[in-house]
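Be aware that the sequence shown starts at 637, since it is given in my numbering, and climbs by one per residue.
Below is one structure, written out as structure tokens; the observations come after it.
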Amino acid sequence: MNLLKSEWIKATTTRSVYWLYALGILLALGLAVVIGQFEQTSTGDPIVGEPGGGSDPLFAIIGVSVFTVTLVWIAAIVAVTGEYRFHTIKATFLAAPSRWPAVLAKTALFTAMSMVVVAAAVVLSLLVAGALSGNDAWTPFSGVGLTYLARFPVYAGLGTVAVMGLAYLMRNAAGTISLFLVWTLALEGMVSLIPRVGQDIAGWMPFANGDYWTQGETVRGYITWGEWTALAWFAAVCVALWVVGLVVTLRRDA
Numbered sequence: 637m638n639l640l641k642s643e644w645i646k647a648t649t650t651r652s653v654y655w656l657y658a659l660g661i662l663l664a665l666g667l668a669v670v671i672g673q674f675e676q677t678s679t680g681d682p683i684v685g686e687p688g689g690g691s692d693p694l695f696a697i698i699g700v701s702v703f704t705v706t707l708v709w710i711a712a713i714v715a716v717t718g719e720y721r722f723h724t725i726k727a728t729f730l731a732a733p734s735r736w737p738a739v740l741a742k743t744a745l746f747t748a749m750s751m752v753v754v755a756a757a758v759v760l761s762l763l764v765a766g767a768l769s770g771n772d773a774w775t776p777f778s779g780v781g782l783t784y785l786a787r788f789p790v791y792a793g794l795g796t797v798a799v800m801g802l803a804y805l806m807r808n809a810a811g812t813i814s815l816f817l818v819w820t821l822a823l824e825g826m827v828s829l830i831p832r833v834g835q836d837i838a839g840w841m842p843f844a845n846g847d848y849w850t851q852g853e854t855v856r857g858y859i860t861w862g863e864w865t866a867l868a869w870f871a872a873v874c875v876a877l878w879v880v881g882l883v884v885t886l887r888r889d890a
């Protein structure tokens, strides 16, 4: 508990955490406003504004998947690498000589915070877009919207575990963020272009599997198994990355 309190104090006294979380929510809301207005006027009557096409609620929370999730992961990376940059990690490990409880406490805290922020972004985005569009299906409290409200925070939480493992492995914010962005935004999408084996490999990409479990058939891509198998594979890779980061942290100098 003392380690959790310590990590909470660090997190709540760091400006970058507030900025990244706030920016993630605001960008999601801004996109929800635009999408809500677009859905309202898609029938060609911008004054009365009937609901457009009864689109999937996923359309209303695209800002969460694009901005909020990415920014909470970056906040977790910065929380880890910032300790190495400013050499506060030495004091942390002096207080917890076995090291792993400190790593576990930070991971647990930022995983929980990521889930809360993403859940808030999903709720607010659906409420705002639903109110502007007049589309009753765009609600976070029933139907498909409730499914997204349950799944997006879990996806964000597991991803936080993965990126914190990478951060402990690399100990550098720029390098970790660059690797993470290249991996999620470029590598997983381009691997399918490899001749003969690319599509088979693409089905094993962890974040693609996480996206599939979270967003459904629209992003299945080359994945051949079901949604829950995709979640299990994504979770296994995330935990494995964290374990690698932990082992390396335990073995090398602070």
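Backbone N, C-alpha and C fix where the C-beta goes; we use that ideal spot for every residue, glycine too.
Of the residues the options, the one placed nearest residue i, counting alpha carbons only
i: GLY881; options: MET637, LEU760, VAL758, TYR804; result: TYR804
i: GLY904; options: THR717, ALA741, TYR654, ALA696; result: Look at the range of the chain in this structure, 637 to 890, and you will see that residue 904 is not part of it.
i: TRP847; options: THR650, PHE788, LEU665; result: The sequence shown places Asp at residue 847, not Trp. Looking at the Cα atoms, PHE788 is the closest of the given residues.
i: ALA925; options: ASP836, LEU694, VAL883; result: Lying before the first or after the last residue shown, residue 925 is absent from the chain, which here runs from 637 to 890.
i: VAL669; options: LEU768, SER652, LYS726; result: LEU768
i: ILE837; options: ASN845, PHE843, ASN638, SER828; result: SER828
i: THR796; options: ALA664, TYR720, ALA871, MET637; result: ALA871
i: THR717; options: THR650, ALA792, LEU867, VAL754; result: THR650
i: VAL700; options: ALA711, LEU667, VAL714; result: LEU667
i: TRP644; options: GLY793, PHE703, ALA712, GLN835; result: ALA712
i: SER814; options: VAL714, ALA755, TYR720, VAL754; result: VAL714
i: THR706; options: GLN835, ALA664, THR783, LEU886; result: ALA664
i: GLY865; options: THR704, ALA844, HIS723, VAL754; result: Correcting the residue type first, residue 865 is Thr in the shown sequence and not Gly. Closest option to THR865, Cα to Cα, is ALA844.
First and last residue of the uninterrupted alpha helix (DSSP H) at residue i
i: ARG887; result: 863 to 887
i: ARG721; result: 705 to 721
i: ARG787; result: 779 to 806
i: MET751; result: 736 to 769
i: ASP836; result: 834 to 838
i: SER642; result: 638 to 648
i: ALA809; result: 809 to 817
Exposure label - residue i; buried when at least 16 CB within 10 Å
i: ASN771; result: buried
i: MET841; result: buried
i: VAL833; result: exposed
i: LYS641; result: exposed
i: PHE816; result: buried
i: PRO682; result: Here PRO682 scores only 45 on pLDDT, less than 50, and its place in the model should not be relied on; the value that follows carries that caveat. It is exposed - the Cβ of PRO682 has fewer than 16 other Cβ atoms within 10 Å.
i: LEU656; result: buried
i: LYS726; result: exposed
DSSP-derived helix/strand/coil call for residue i
i: THR854; result: helix
i: ILE661; result: helix
i: GLY685; result: Only weak support exists for where GLY685 lies, its pLDDT of 43 falling under 50; the value from the coordinates is given anyway. In the structure shown, GLY685 sits in coil (DSSP, three-state: anything other than H, G, I, E or B).
i: TRP849; result: helix
i: ALA732; result: coil
Would you check if the stretch 725 to 740 and the stretch 653 to 665 touch, i.e. whether three or more CB-CB distances between them fall below 8 Å?
Cβ pair count under 8 Å is below three, so no.
Would you call the stretch 859 to 876 in contact with the stretch 794 to 812, where contact means no fewer than 3 C-beta pairs closer than 8 Å? Using a C-beta cut-off of 8 Å, the stretch 859 to 876 makes contact with the stretch 794 to 812, since at least three inter-stretch Cβ pairs fall below that distance.
Next item on the list: Specify whether the stretch 818 to 826 and the stretch 751 to 759 touch according to this definition: at least 3 beta carbon pairs, one from each stretch, less than 8 Å apart.
Entry: By the criterion of at least three beta-carbon pairs nearer than 8 Å, the stretch 818 to 826 is not in contact with the stretch 751 to 759.
Under 8 Å: do the stretch 775 to 782 and the stretch 854 to 863 share three or more Cβ pairs, one atom per stretch? Because the criterion of three Cβ pairs below 8 Å is not met, the stretch 775 to 782 and the stretch 854 to 863 do not touch.
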